[in-house]
Amino acid sequence: MKLCIFTNHFFPEDFKVNDIAFELVNRGIDVTVITAIPDYPKGKFFEGYSLFKRRREEIRGVKVIRLPIIPRGGGGAFRLILNYLSYFICASIFTFFHSFRNKYDAAFVHLTSPFFIGLPAVHLKKRQKIPLYFWTLDLWPESLISAGGISHPVIIKPQDKMVSYVYKNCDKILIGSKGFAKSICKKGDFESKLAYFPNWAESVATSQSEDISNSIPPFNSMSQDDLIFLFAGNLGEAQNLDTILFAANQLKKKKNIKFVFIGDGRRRENLLALVEELSLQETVFFPGRFPLETMPFFMRKSSVLMVSLKDEPCFNLTVPAKVQFYMSQGKPVLAMLNGDGQDLIREAQCGLAVNADDVDGFVQAIEKIANSSKDNLSTWGENGKKFYDNNFTKEQRINQLMELMMRSLPTPKASSSSHSYQLPAEQHKPLQAKN
């Protein structure tokens with residue numbers, strides 16, 4: 289089976305589509321990835337890549353074709369639009385010619401943003417009459433409205449038509465959050481195409497190096513009485529981290545309660561300025577960005593892992609990928625968000641969740657944690673790990689995708705492979721939209 293994957297981000301950028309491509313190759317699928325020159329998250333080409341270097345390469349058996357783009361730079365709106373459009377134009381032109389000489393059995397889209405990455409894939413599907421699988425991790429145009437502040441009908445109406453056109457041409461629409469079903473079904477009769485396909489935790493190799501947290505405040509000087517609340521990931525607008533700092537401000541007299549934000553993003557400098565303004569230097573720390581393999585060190589020494597999102601319709605239907613990663617680490621979770629993310633934490637009984645922007649509720653949750661026993665915190669962590677193992681492992685998702693693809697082949701051939709792709713029916717049955 290030959291599969292063409294469309295994604296504007298691929299290894300060495302850190303996205304779940306990497307796992308899909310590498311795992312499918314391990315299971316005997318011939319995978320080609322059409323992607324961009326890597327530039328995320330720093331906004332400039334990765335070292336060793338350019339418009340003239342490493343445009344075609346093979347990584348762990350995956351054939352990678354990298355198309356030229358305008359780097360996103362510092363993430364400003366104009367530069368971001370140029371970045372999106374440059375990839376779309378190059379992918380459309382390239383796919384048109386590529387489809388004449390390269391035959392595939394199926395196409396797969398990994399959608400983060402923007403949505404029109406799906407149009408070249410639709411062209412390939414129509415031209416070669418192959419099934420198209422569309423994994424949407426971003427609602428469009430809702431995210432354009434929520435994150436971009438663009439709501440004029442002249443822009444939004446064409447986006448709606450484009451989205452409906454792409455969904456209409458998909459054989460399966462894989463959704464990262466169950467709440468996506470409602471939004472997608474508003475755009476057309478797509479319910480029978482939906483399949484719940486949630487995120488999984490990144491595969492983190494066990495590091496043999498020295499525990500890096502030993503040299504990073506406040507981990508290097510913590511006492512038995514300290515409670516460390518850790519946020520790890522993108523420090524952007526959507527994460528609404530100002531609200532956590534406002535909560536920290538109410539608790540700053542309790543010096544044993546500390547907040548650590550590991551990562552980088554567009555809001556980092558603003559957040560550092562807010563720390564200065566509120567005089568939170570003794571209890572709030574921004575040590576910077578660290579490699580993924582160091583995260584278990586930091587999380588193991590933390591008491592609770594934090595997640596937050598803005599109160600926006602688009603975000604209320606989203607479960608941030610970090611929630612599954614947190615659960616996989618067996619640590620309790622404290623969340624300030626709405627919708628599916630909050631529902632998941634409560635269903636798994638792996639921590640506490642309050643509504644987005646509820647600073648007072650967040651403070652009360654922290655105080656409740658501070659008054660809880662270590663056994664209670666351990667139980668929350670164990671509940672999260674068990675729920676993750678039962679519902680969100682990478683192996684479950686790859687099995688599910690293999691089953692979907694194999695069932696779509698027109699004339700399945702007998703295989704000598706020892707792999708089994710049988711799944712419980714509920715893992716791939718159509719979803720019903722939430723009311």
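Note that the sequence shown covers residues 289 to 723 in my numbering. All C-beta atoms, glycine included, are put in the ideal place defined by N, C-alpha and C. All values derive from a computational prediction rather than experimental measurement.
Query raised in the report: Can you name, in chain order, every residue of its own chain whose Cβ lies under 8 Å from the Cβ of A702, other than the five neighbours on each side?
Result: Along the sequence shown, read from residue 1 onward, the residue named residue 702 stands at position 414. Residue confidence is low: A702 scores 44 on pLDDT, short of 50, so the model does not pin down where it sits. Its coordinate-derived value is still stated next. Nothing listed; no residue qualifies.
Query raised in the report: Which first and last residues belong to the alpha helix (DSSP H) in which I317 is found?
Result: Within the sequence shown, numbered from 1, the residue matching residue 317 stands at position 29. Note, I317: premise wrong, no alpha helix (DSSP H); not H, not E.
Report task. Grab me the residues of G361's own chain with a C-beta within less than 6 Å of its C-beta, minus the 5 sequence neighbours each way, in chain order. Result -> Here residue 361 is taken as the residue at index 73 of the sequence shown, counted from 1. The beta carbon of G361 lies closer than 6 Å to those of G331, R367 in the same chain, with the five residues before and after it left out.
Requested in this report: Using a threshold of 8 Å, state whether the C-beta atoms of E311 and I686 are closer than that.
Outcome: For the purposes of this step, residue 311 is taken as residue 23 along the sequence shown, with counting starting at 1. For the purposes of this step, residue 686 is taken as residue 398 along the sequence shown, with counting starting at 1. Yes.
Query raised in the report: Roughly how many whole angstroms lie between the Cα atoms of K684 and F574?
Result: The residue labelled residue 684 in the question sits at position 396 within the sequence shown. The residue labelled residue 574 in the question sits at position 286 within the sequence shown. Lys is not the amino acid found at residue 684; the sequence shown has Gln there. Each residue's Cα considered, the two are about 35 Å apart.
Requested in this report: Pull up the distance between the alpha-carbon of K470 and that of K682, whole angstroms please.
Outcome: Within the sequence shown, residue 470 is the residue found at index 182, counting from 1. Within the sequence shown, residue 682 is the residue found at index 394, counting from 1. For the pair K470 and K682, the Cα-to-Cα distance works out to about 25 Å.
Query - Exposed unless 16 or more other CB atoms sit within 10 angstroms - verdict on Q710 - result: As a working note, residue 710 is residue 422 in the sequence shown. Summary for Q710: the model assigns pLDDT 39, below 50, so the residue's position carries little reliability; its value from the coordinates is reported in the next sentence. Burial is judged here by how many other beta carbons sit within 10 angstroms of a residue's own beta carbon; Q710 has fewer than 16 and is exposed.
Query raised in the report: F485 and Q688: beta carbons closer than 8 Å?
Result: Along the sequence shown, read from residue 1 onward, the residue named residue 485 stands at position 197. Along the sequence shown, read from residue 1 onward, the residue named residue 688 stands at position 400. Annotated as proximal: F485 and Q688, with beta-carbon spacing under 8 Å.
**Report entry** Those residues which DSSP pairs with C292 across a bridge
**Finding:** Residue mapping note: residue 292 aligns to position 4 of the sequence shown, counting from 1. DSSP, once it has assigned bridges, lists T320, A395 as partnering C292.
Query raised in the report: Hey, G576 and L597 are a contact pair by Cβ (cut 8 Å); roughly how many whole angstroms apart?
Result: Position 288 of the sequence shown, counted from the start, is the residue given in the question as residue 576. Position 309 of the sequence shown, counted from the start, is the residue given in the question as residue 597. With 8 Å as the limit, G576 and L597 do not qualify as a contact, their Cβ atoms being about 22 Å apart.
**Report entry** C-alpha gap between V352 and L427, whole angstroms
**Finding:** Working through the sequence shown from its first residue, we reach residue 352 at position 64. Working through the sequence shown from its first residue, we reach residue 427 at position 139. It is roughly 26 Å from the alpha-carbon of V352 to the alpha-carbon of L427.
Query raised in the report: Based on the DSSP output, what are the partners of I463 in its beta bridges?
Result: Taking the sequence shown and counting its residues from 1, one reaches residue 463 at position 175. Looking at the DSSP assignment, I463 forms a beta bridge with T424, Y484.
Query raised in the report: Roughly how many whole angstroms lie between the Cα atoms of A483 and S509?
Result: Your numbering for residue 483 matches position 195 in the sequence shown. Your numbering for residue 509 matches position 221 in the sequence shown. If I take the Cα positions, the gap works out to 47 Å.
**Report entry** Where the beta strand (DSSP E) containing V548 begins and where it ends
**Finding:** By one-based count along the sequence shown, residue 548 stands at place 260. Looking at the DSSP string, the run of the beta strand (DSSP E) that includes V548 is 545-550.
Report task. Check whether the Cβ of K619 lies closer than 7 Å to any heavy atom of the ligand PLP, and answer yes or no. Result -> The ligand PLP is absent from the structure shown, which contains no ligand whatsoever.
Report task. Check whether the Cβ atoms of T323 and F298 lie closer than 8 Å to each other. Result -> As a first step, residue 323 must be located in the sequence shown, where it is residue number 35. As a first step, residue 298 must be located in the sequence shown, where it is residue number 10. Closer than 8 Å, so yes.
Query raised in the report: Which term fits E600, buried or exposed, when burial requires 16 or more other beta carbons within 10 angstroms of its beta carbon?
Result: For the purposes of this step, residue 600 is taken as the residue at position 312 of the sequence shown. It is buried - the Cβ of E600 has at least 16 other Cβ atoms within 10 Å.
Query raised in the report: Taking F517 as the reference, which of G524, K619, T582, D327 has the closest Cα?
Result: On the sequence shown, position 229 is the one that residue 517 refers to. Residue K619 holds the alpha-carbon nearest to the alpha-carbon of F517 among G524, K619, T582, D327.
Query raised in the report: In three-state terms, what does DSSP make of P575?
Result: Against the sequence shown, residue 575 aligns to sequence position 287. Strand.
Query raised in the report: beta strand (DSSP E) containing K351: first to last residue?
Result: Sequence index remark: in the sequence shown, residue 351 carries index 63 (1-based). DSSP places K351 in the uninterrupted beta strand (DSSP E) bounded by 350-355.
Requested in this report: For N544, collect the residues of the same chain with a Cβ closer than 7 Å to its Cβ; drop the 5 residues on either side in sequence, then sort them by chain order.
Outcome: Here the question's residue 544 lines up with position 256 in the sequence shown. Contacts found: D513, D514, L515.
Requested in this report: Work out the CA separation of I377 and V442 for me, nearest whole Å.
Outcome: On the sequence shown, position 154 is the one that residue 442 refers to. On the sequence shown, position 89 is the one that residue 377 refers to. Looking at the two C-alpha atoms, the distance is approximately 21 Å.
Query raised in the report: Cβ of T383 within 8 Å of Cβ of P408?
Result: Looking up residue 383 in the sequence shown gives position 95. Looking up residue 408 in the sequence shown gives position 120. Cβ atoms of T383 and P408: closer than 8 Å.
Query - Entirely enclosed beta strand (DSSP E) segments - the stretch 550-619, minimum 3 residues - result: Taken in chain order, the unbroken stretches of beta strand (DSSP E) that lie wholly in the stretch 550-619 and span 3 residues or more are 572-576, 592-596.
Query raised in the report: Within this structure, are the beta carbons of H398 and V305 separated by less than 8 Å?
Result: Taking the first residue of the sequence shown as position 1, residue 398 is located at position 110. Taking the first residue of the sequence shown as position 1, residue 305 is located at position 17. Taking 8 Å as the Cβ cut-off, H398 and V305 qualify as a contacting pair.
Query raised in the report: How long is the line joining the alpha carbons of V611 and P359, rounded to whole angstroms?
Result: Looking up residue 611 in the sequence shown gives position 323. Looking up residue 359 in the sequence shown gives position 71. Counting only the Cα atoms, P359 lies some 29 Å from V611.
**Report entry** Rounded straight-line distance, which links the Cα of I325 to that of F650
**Finding:** In the sequence shown, counting from the first residue as 1, residue 650 sits at position 362. In the sequence shown, counting from the first residue as 1, residue 325 sits at position 37. Cα to Cα, F650 sits roughly 40 Å from I325.
Query - Endpoints, the beta strand (DSSP E) within which G639 is located - result: Residue numbering aside, residue 639 sits at position 351 when the sequence shown is read from its first letter. In this chain, the beta strand (DSSP E) harbouring G639 covers 639-642.
Query raised in the report: How is L334 classed by DSSP in three states: helix, strand or coil?
Result: As a first step, residue 334 must be located in the sequence shown, where it is residue number 46. The displayed chain sequence assigns Phe, not Leu, to residue 334. Of the three classes helix, strand and coil, the one that applies to F334 here is coil, per DSSP.
**Report entry** Segment contact, 8 Å Cβ cut-off, at least three pairs: the stretch 582-598 with the stretch 451-468
**Finding:** Segments in contact, no.
Requested in this report: Note down, in chain order, each residue of its chain lying with its Cβ closer than 7 Å to the Cβ of E301, except the 5 sequence neighbours on either side.
Outcome: Residue mapping note: residue 301 aligns to position 13 of the sequence shown, counting from 1. Apart from sequence neighbours up to five positions away, the residues of its chain that approach E301 with a beta-carbon distance below 7 Å are P326, Y328, ordered along the chain.
Query raised in the report: What is the rounded straight-line gap between the Cα of N296 and the Cα of R342?
Result: Stepping through the sequence shown from its first residue, residue 296 is reached at position 8. Stepping through the sequence shown from its first residue, residue 342 is reached at position 54. Going from the Cα of N296 to the Cα of R342 covers about 16 Å.
Query raised in the report: Excluding the five sequence neighbours on either side, which residues of its own chain have a C-beta within less than 8 Å of the C-beta of S375, listed in chain order?
Result: To locate residue 375, count along the sequence shown from 1; it is residue 87. It should be noted that the sequence gives Tyr, not Ser, for residue 375. Taken in chain order, the residues that qualify are N296, A324, L355, I357, I405.
Query raised in the report: So is I293 buried or exposed if we call it buried at 16+ other beta carbons inside 10 Å?
Result: Indexing the sequence shown from 1 puts residue 293 at position 5. In this structure I293 is buried. Its beta-carbon is surrounded by 16 or more other beta-carbon atoms within 10 angstroms.
Query - Which of helix, strand or coil DSSP assigns to F517 - result: Indexing the sequence shown from 1 puts residue 517 at position 229. Of the three classes helix, strand and coil, the one that applies to F517 here is strand, per DSSP.
Requested in this report: Enumerate in chain order the residues of its own chain whose CB-to-CB distance from L523 is below 7 Å, with the five nearest sequence positions on each side excluded.
Outcome: Taking the first residue of the sequence shown as 1, we reach residue 523 at position 235. Closer than 7 Å at Cβ, skipping near neighbours: L529, F549, G551, D552, G553, R555, R556, L559.
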